[in-house]
Amino acid sequence: MINIRKILGIVSLWLAVLQFLLFISFFLYRSSTLQGLPVLLPVFLAPIGIILGAIGYSGSEANKQAKNGIIFNVIMFLLLIVYMTLGTLLFGP
Numbered sequence: 001m002i003n004i005r006k007i008l009g010i011v012s013l014w015l016a017v018l019q020f021l022l023f024i025s026f027f028l029y030r031s032s033t034l035q036g037l038p039v040l041l042p043v044f045l046a047p048i049g050i051i052l053g054a055i056g057y058s059g060s061e062a063n064k065q066a067k068n069g070i071i072f073n074v075i076m077f078l079l080l081i082v083y084m085t086l087g088t089l090l091f092g093p
């Protein structure tokens, strides 16, 4: 039987991995097709991943995928805030 909480935990974890890969690719390959999307993507996807991970983590059986998904999505969200703050402090508004 398929456990929906485990699936939500895996989706949450994969959202964080996708955000991380896009964020790293933004610095390695300057593509004009994506422009600033990988930098602003965590604003929308990280809260969704956190919510999916929290739903997957709640209940009687707390799984590791959901817990890791929550942690990595929070890190991706904070990484965006740090990136924007340092960019503003170093290069000006």
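Numbering-wise (full-length UniProt numbering), the sequence shown opens with residue 1 and increments by one. No residue lacks a Cβ here, since even glycine has one placed at the ideal position from N, Cα and C. It should be emphasised that the depicted structure is a prediction, and the values quoted were computed from it without experimental measurement.
Closest to residue i by CA distance: which of the options is it?
i          : options        : result
residue 38 : 53, 29, 22     : 22
residue 16 : 54, 90, 92, 72 : 72
residue 8  : 88, 93, 70, 90 : 70
residue 83 : 54, 49, 3, 40  : 40
residue 6  : 46, 53, 44, 85 : 53
residue 74 : 48, 29, 27     : 48
residue 4  : 25, 26, 28, 55 : 55
Residues in its own chain within less than 8 Å of residue i by CB, not counting five upstream and five downstream?
i          : result
residue 20 : 72, 76
Identify, in the order they occur along the chain, each residue of the same chain with its Cβ nearer than 7 Å to the Cβ of residue i, setting aside the five sequence neighbours on each side.
i          : result
residue 10 : 65
residue 45 : 15, 19
residue 50 : 70, 73, 74
Quick test of your reading: residue i and residue j, contact by CB under 8 Å. State the CB separation rounded to the nearest angstrom.
i          : j          : result
residue 68 : residue 13 : 6 Å
Skipping 5 residues on each side, what residues in its chain have a beta carbon closer than 6 Å to that of residue i?
i          : result
residue 42 : 19, 76, 77, 80
Check: If we count Cβ pairs, one from each stretch, closer than 8 Å, do we get three or more for the segment 70 to 88 versus the segment 27 to 37?
Finding: no
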